[in-house]
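Using the working numbering, you'd call the opening residue of the sequence shown number -9 and step up by one each time. Glycine included, C-beta positions come from ideal geometry on N, C-alpha and C. Keep in mind that this is a model prediction, so the values were computed, not measured. What follows is a single structure, written as structure tokens, with notes after it.
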Amino acid sequence: MTNIRETTNLRREQRGVFHNWSFYQLRKFIEYKAQAKGTPVLFVNPKNTSKTCSHCGYLAPGNRKSQTLFTCQACGIGLNADFNASQNIRQLGISLLSSLSVNQRNVGGYRPADKLTA
-9 MTNIRETTNL RREQRGVFHN WSFYQLRKFI EYKAQAKGTP VLFVNPKNTS
41 KTCSHCGYLA PGNRKSQTLF TCQACGIGLN ADFNASQNIR QLGISLLSSL
91 SVNQRNVGGY RPADKLTA
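Have a look at this one:
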């Protein structure tokens, strides 16, 4: 989300509405809906997920060729950059979930997000 204001193109009348909208509010909406359904919410650190290959795990700033294109310098795979990052985030979530005990996963059907960071 770094530089999101600078990289998002909006009409002038839309800028105020967009920039005042809170990612914290989105987080709270997700937590609220998950709690209502008894679904755990996991938060993982997204650091380097856009520069790491989801196929081979190679991390390099040069892997991210552009805003939309990811090309791994090690294995050569080319992917949509957002898709690649989402696969890395997914894998971090799976790893985090598998590291939790059964009791940690199912306490009241919901775990506070702050206790589930990787």
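Since residue i contacts residue j with CB under 8 Å, what's their CB separation in whole angstroms?
{"i": "K41", "j": "N53", "result": "5 Å"}
{"i": "T29", "j": "I79", "result": "With a Cβ gap of about 17 Å, T29 and I79 do not count as contacting."}
Starting from residue i, trace the alpha helix (DSSP H) in both directions and tell me its first and last residue.
{"i": "L86", "result": "71 to 89"}
{"i": "L16", "result": "13 to 27"}
Could you compute how far the alpha carbon of residue i sits from the alpha carbon of residue j?
{"i": "L86", "j": "L32", "result": "8 Å"}
{"i": "Y22", "j": "N35", "result": "21 Å"}
Whose C-alpha, out of the options, is nearest the C-alpha of residue i?
{"i": "A64", "options": "L82, A71, A50, Q57", "result": "A50"}
{"i": "Q57", "options": "F13, Y48, L69", "result": "L69"}
{"i": "C46", "options": "Q77, R17, S88", "result": "Q77"}
{"i": "S44", "options": "T29, L90, A71", "result": "A71"}
May I ask you to check if the CB of residue i is nearer than 7 Å to at least one heavy atom of the ligand MN?
{"i": "Q81", "result": "The ligand content of the structure shown is nil, which means the ligand MN is not present either."}
By the DSSP assignment, the beta strand (DSSP E) with residue i in it spans what residues?
{"i": "E59", "result": "For the sequence presented, residue 59 should be read as Leu rather than Glu. Where L59 is concerned, the enclosing beta strand (DSSP E) stretches over 59 to 61."}
Residues in its own chain within less than 6 Å of residue i by CB, not counting five upstream and five downstream?
{"i": "A75", "result": "T39, S40"}
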